[in-house]
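Residue numbers (full-length UniProt numbering), protein chains in the order written: chain A, 1 to 461; chain B, 1 to 461; chain C, 1 to 461. Below is one structure, written out as structure tokens; comments come after it.
Quick look at the structure:
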């Protein structure tokens, strides 16, 4: 909605002469794209270039001058040049004195240089007011006008007034400036566009690995074993039956892995008797990706739900049901309702539904806009209390569903346990230890430690 | 949560005398509503009015004076008057000199006047500091205290200090100020509350048109044809069967239409050999509403999923299933499991589930709060890579589901193809052309063009 | 994503000497946690403490001095002391003159003191520049680095420059500062972390009460009655059958309760002939929790959908279906398709699906990030027009589903109506009154009243 209005503005530029001239150093792709957009938004643009010959590439309404001349025409100069060439600005130091220099550069690798490009620029030209901005916007998006992705432009700089001037331009282009503070933040801002879901990498690779393992485990037991020993071709199990075995197992294990690091942390703190020592690195990292683990678990759980709900639409299931009914009809008898079976079937379904419901609730509260509206106490209530309740319900769902198999020898093909049994190990362990941890005799010292008490103060020296 | 606390504040006004007097010009509905709310929040309010007789309508605790007297009592004056009457402020120019004037007016139509009301006010009274604010808030919401909708108040103005003063009042009323920059943004802010989903209009009308066409097409082939030639009354197909044919068709076509403009853009760029010329207008507009098209496609896909899942609950389906089983039982035979059918049924279900899963993922990442936390690279990865994967899966789902019908003459009632076949035209075309475009010999020049290279630089002059 | 980069920054502190020394008064838990985090982020930290003996608890790299000495070393002093001890700062007034004092204190109860802690501090030390911040962050989260919850730090203060300095520190710690205006907002900020879903309390207790009532009502009629009079043990109905009766009833009633206060408000306004008098308190409160009521209704509706979709997976349902088919097969006859039944079954399913679809749409638009991107006109369109449409569809779904039971005596066990009938009372009443309210002869005066017109202006004196 907002988007639209800013587009209207861009298409019908305000022709009043209020916009101040902006100078752009560099006629590369991004410099040209930014210039185009600025002209559309009503800014007079002047390019500073080594040669004024390549002018046919740049926007028609822009002037092209030498760097020195161009710089004198504007209060704001956008440095659309690569970091390696910043040196050539040094002779211009006098002309650039007091001007607002906008560093829009990006690096090719994370933390490529010891200091950020913007800080480097500020060191080279101490008399100028350097502002970091625009590096998170893509030239292609600016050019095509299809700013579908984030319209946020991170801005930082030491001079408040200079920052304001740049933020006004950002707004005029239909983007949303976000003040990230002083130039110290430039490193972070420069690293930002290079990331590809950094927090998701470990959880995704872990899930893919586990999924592959469980998939082939099931394939061996359900398809190959059946084919070898029972001469039945159930290869179509690959499409739904096996995925629907792997998904719930993954969901349960990953959900338990969300709560496992908290258990470890509690044990470490109890053992050390203080909270003022850092956790081991692996635990720190694990704790930082709990949200991602939980969301992947939710994805598996959702797939499990849909895979289960399509059951009655499967040709195999319909065939099996018909066969059962026909054999009863041919034998002229009707089986009576087995009350125990009815109880088991209904209660594992109900437990699963409630567990999934809480799971989705946890997922919704982890949406940024929801968690921003929730205070620390509320967040802990939802993520800890409701999260454990979801884990308990999902574990119970699994136990009720297949409890009978534990003692049935036919469940142990090739002497291997069903993956269903493997899936219960982690969640049961987490729940048992958590149960111990909420005993008053354990909970009380732990609470004290978390409030700052130390069993053995000398340890922290 | 936040909401509540601000309400508490409003209900239990801070009685300390720190709040500065606010003057309101005009005793119309919005002026009164705003005055009420300000008094509740602890601001002394004085009204400026032509006659002090109509005082019984305005809040009890407010003073009513002549315009000149009222203006002298406050540093901030809220102009709750229609634009046509702004002229009467000119004689007050001297008194209003240096005061902060808050323009809260709205127009009746988009871009009704050449300049925004706030800019017009600033031109009339050059000595005053004009700030645009509050126009997006409804009087009814202020009055009833039920600010369910957006609590955002867009503020713009050329004077930073004046803007700060207004933003402090906004915050004190329990609303969230959003700085939109200089007074140039006033036009956009004044247009904002007049819009009714402007970006959604075209996608929604397109969907409604296509839906109606496909609905009647199905009605003719499935209900009327069957009634005429087979004497069967399947009128109840209108409720579920036909919607569940139209929904997946619409979802697939709209999803393909999301990716079609990108294909056109690539072809145009390849043909022109440059990215520095504007796309035709229709393509620009199409690209801007891709997100909306995608979300409508997701809505249709979700309906398709639910319509499909209720299948086993339908009386007609149960009757058909029973009939099949009973006829087998009466014939004393059991059909063996058809392995091909089992494969087809399971794999189209699995493809559909995975496609829908990716589709929902795309929908979640298009939530503003999620896409704001994602950088350009991540957004492109999700929307382009995962989007194409979803399109491939959904097209495959459709092909596997009904591939057998292509060669069956009974599928061509009245020599017309099934809508299912029509639905495959656009997605298959998109996928084939995209497949060609990722060939290195095509992809390489395209990438170069998108990085700013031009085949024929003279073209852009 | 953003999260990560800031963590990287925290783990690899910028060793340049640009960060200014920060002084912390108080070596309690939060003071130490904040100090740790600041040192990690590259700030030199000096503690002010009564005795410099307990230094082994505080971070290694921090200095510990007397209060006066510590204060002189820094421009920013964080007051990590409880309000009761603020008095001891008075002797330091001269040293603290002009310094930025950051009040991070929280209270134990809402509105515990007449004025906020920060305002109290500002009164004690009128020469200092007091800023409220950090009170919404938990020590445990700071310590462990797992800032999963909101990273927002509310900041307020009367001195803009001081606020900027504090906000820069907040950003450097990887948190997001949110300017809440002047120190008047401190009360609100101090109340914030004490809340536990205040707006949700009434809707949740109401739902729990009603749910319990309907659950036992159903238990009596469906399980106990059947057991006594028909000698059948249907105790397993507790797991799915009864929840799936209670959920839709709750969803429908709560959805109707969302629209009921609007009806009351309209009637009160029509009766009074003015909108300028406050509604009764209960109505005000009711209107403020409509969003919460609606979301709980959506939760019940979602549960109803999933409970319904698992129907074909229930052992009881499969047994009942088999029994029906087998009895037909044994009697050697096939029942013909009942067209009326097919119509009823398909249309109540279709109505339910469409109603639920609109319901989910309403839920999505109430997400903060979505409703912030929607203007008042659009929000009213969705919440009012689409909301009523959802209510109509859901009521129709219920009526079509069970209309036949109204006249069947077997539905009145123990002369009590089915809960299904009870659920229709409120929604039907809402829809009927709403239907009357949109008659022009009623709608016109109501619209006038809402635009500020008064039937009897003297009333408001």
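Backbone N, C-alpha and C define an ideal beta-carbon position, used for all residues, glycine too. Bear in mind the structure is a predicted one, so any value in this text is a computation, not a measurement.
Top-ranked residue by Cα proximity to residue i, from the options
{"i": "residue 97 of chain C", "options": "C:73, C:114, C:104, C:125", "result": "C:125"}
{"i": "residue 449 of chain C", "options": "B:139, B:266, B:118, B:443", "result": "B:139"}
{"i": "residue 177 of chain C", "options": "C:324, C:378, C:434, C:156", "result": "C:156"}
{"i": "residue 432 of chain B", "options": "B:316, B:259, B:287, B:379", "result": "B:259"}
{"i": "residue 130 of chain B", "options": "B:389, B:183, B:297", "result": "B:183"}
{"i": "residue 137 of chain A", "options": "A:34, A:100, A:371, A:383", "result": "A:34"}
{"i": "residue 61 of chain A", "options": "A:51, A:21, A:90", "result": "A:21"}
{"i": "residue 285 of chain B", "options": "B:272, B:270, B:261", "result": "B:261"}
{"i": "residue 132 of chain B", "options": "B:106, B:151, B:111", "result": "B:106"}
{"i": "residue 406 of chain C", "options": "C:24, C:73, C:421", "result": "C:421"}
{"i": "residue 36 of chain B", "options": "B:141, B:307, B:90, B:373", "result": "B:141"}
{"i": "residue 154 of chain C", "options": "C:128, C:121, C:127, C:191", "result": "C:191"}
Which of helix, strand or coil DSSP assigns to residue i
{"i": "residue 152 of chain C", "result": "strand"}
{"i": "residue 176 of chain B", "result": "strand"}
{"i": "residue 93 of chain A", "result": "helix"}
{"i": "residue 453 of chain B", "result": "coil"}
{"i": "residue 434 of chain A", "result": "helix"}
{"i": "residue 19 of chain C", "result": "coil"}
{"i": "residue 289 of chain B", "result": "coil"}
{"i": "residue 276 of chain C", "result": "coil"}
{"i": "residue 412 of chain C", "result": "coil"}
{"i": "residue 395 of chain B", "result": "helix"}
{"i": "residue 443 of chain B", "result": "helix"}
{"i": "residue 245 of chain A", "result": "helix"}
{"i": "residue 137 of chain A", "result": "coil"}
According to DSSP, residues forming a beta bridge with residue i
{"i": "residue 47 of chain B", "result": "B:24, B:64"}
{"i": "residue 78 of chain A", "result": "A:24, A:102"}
{"i": "residue 157 of chain B", "result": "B:131"}
C-beta contact flag for residue i and residue j at 9 Å
{"i": "residue 411 of chain C", "j": "residue 351 of chain C", "result": "no"}
{"i": "residue 28 of chain A", "j": "residue 48 of chain A", "result": "no"}
{"i": "residue 387 of chain C", "j": "residue 416 of chain C", "result": "no"}
{"i": "residue 437 of chain B", "j": "residue 266 of chain B", "result": "yes"}
{"i": "residue 160 of chain A", "j": "residue 102 of chain A", "result": "no"}
{"i": "residue 173 of chain C", "j": "residue 38 of chain C", "result": "yes"}
{"i": "residue 79 of chain A", "j": "residue 104 of chain A", "result": "yes"}
{"i": "residue 309 of chain B", "j": "residue 309 of chain C", "result": "yes"}
{"i": "residue 408 of chain C", "j": "residue 369 of chain A", "result": "no"}
{"i": "residue 391 of chain A", "j": "residue 442 of chain A", "result": "no"}
Inter-stretch contact at 8 Å, needing at least 3 Cβ pairs: the region 172-190 of chain B / the region 106-119 of chain B: yes
Segment contact flag, the region 343-360 of chain B with the region 328-339 of chain A, C-beta cutoff 8 Å, min 3 pairs: No, the region 343-360 of chain B is not in contact with the region 328-339 of chain A.
Cβ pair count under 8 Å reaching 3, the region 383-401 of chain B against the region 208-217 of chain A: Counting Cβ pairs under 8 Å, fewer than three are found: no touch.
The region 349-366 of chain B / the region 288-303 of chain B touching (three or more Cβ pairs under 8 Å): Segment contact: the region 349-366 of chain B against the region 288-303 of chain B, three or more CB-CB distances shorter than 8 Å; contact assigned.
Meets three-Cβ-pair contact criterion under 8 Å: the region 190-205 of chain A and the region 374-386 of chain B: yes
Stretch pair the region 280-293 of chain C + the region 316-325 of chain A: three plus CB contacts closer than 8 Å: no
The region 168-177 of chain A in contact with the region 64-72 of chain A per 3-pair CB rule at 8 Å: no
At least 3 beta-carbon pairs within less than 8 Å: the region 276-286 of chain A vs the region 232-240 of chain A: Not touching, per the Cβ criterion.
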